[in-house]
Amino acid sequence: MTERSFAMPKRHYISPDQNSGLVCNGLLPPPEGWTEVSAGDYDQWQTARRERAAELAAAWWAEHQPALAADKTDPASAK
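Counting in this note's numbering, the sequence shown runs from 1226 upward without gaps.
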């Protein structure tokens, strides 16, 4: 006997503040205010979000790394 697939097409949503994404099967409505987007637009949004997070992490590290390195090597900070 062969199996049948009753998979629902995935639906993609982005939150109003553009900080969260949601992929679901569409059986339940999305949270209020969320925008449905195409799978391609969702992938582009997700890629841009990852790139921005990497930029923010690199900027934070560049700003804080000298202080963190000094904390590890400065005997006065070991108190």
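Beta carbons are placed, not taken as given, at the ideal position from N, Cα and C, and that holds for glycine.
Worksheet entry | For R1277 and Y1238, the rounded distance between their alpha carbons | Those two C-alpha atoms are separated by around 19 Å.
Worksheet item: Would you call the segment 1284-1293 and the segment 1259-1272 in contact, with 3 or more CB pairs under 8 Å?
Response: Between the segment 1284-1293 and the segment 1259-1272 there are fewer than three inter-stretch CB-CB distances shorter than 8 Å, so the stretches are not counted as touching.
Worksheet item: Candidates P1234, M1233 and V1248: which alpha carbon is nearest S1240's?
Response: Closest by C-alpha distance to S1240, out of P1234, M1233 and V1248, is V1248.
Worksheet item: Nearest-angstrom Cα distance between A1264 and G1251?
Response: The straight-line gap from Cα to Cα measures roughly 13 Å.
Worksheet item: From S1245 to E1261, what distance separates their C-alpha atoms?
Response: When rounded, the distance between both Cα atoms is 12 Å.
Fill in: DSSP state of E1261 mapped onto helix, strand, coil
Assigned with DSSP and collapsed to three states, E1261 falls in strand.
Worksheet item: On the three-state DSSP scale, how would you describe L1247?
Response: Residue state, collapsed to three classes: strand.
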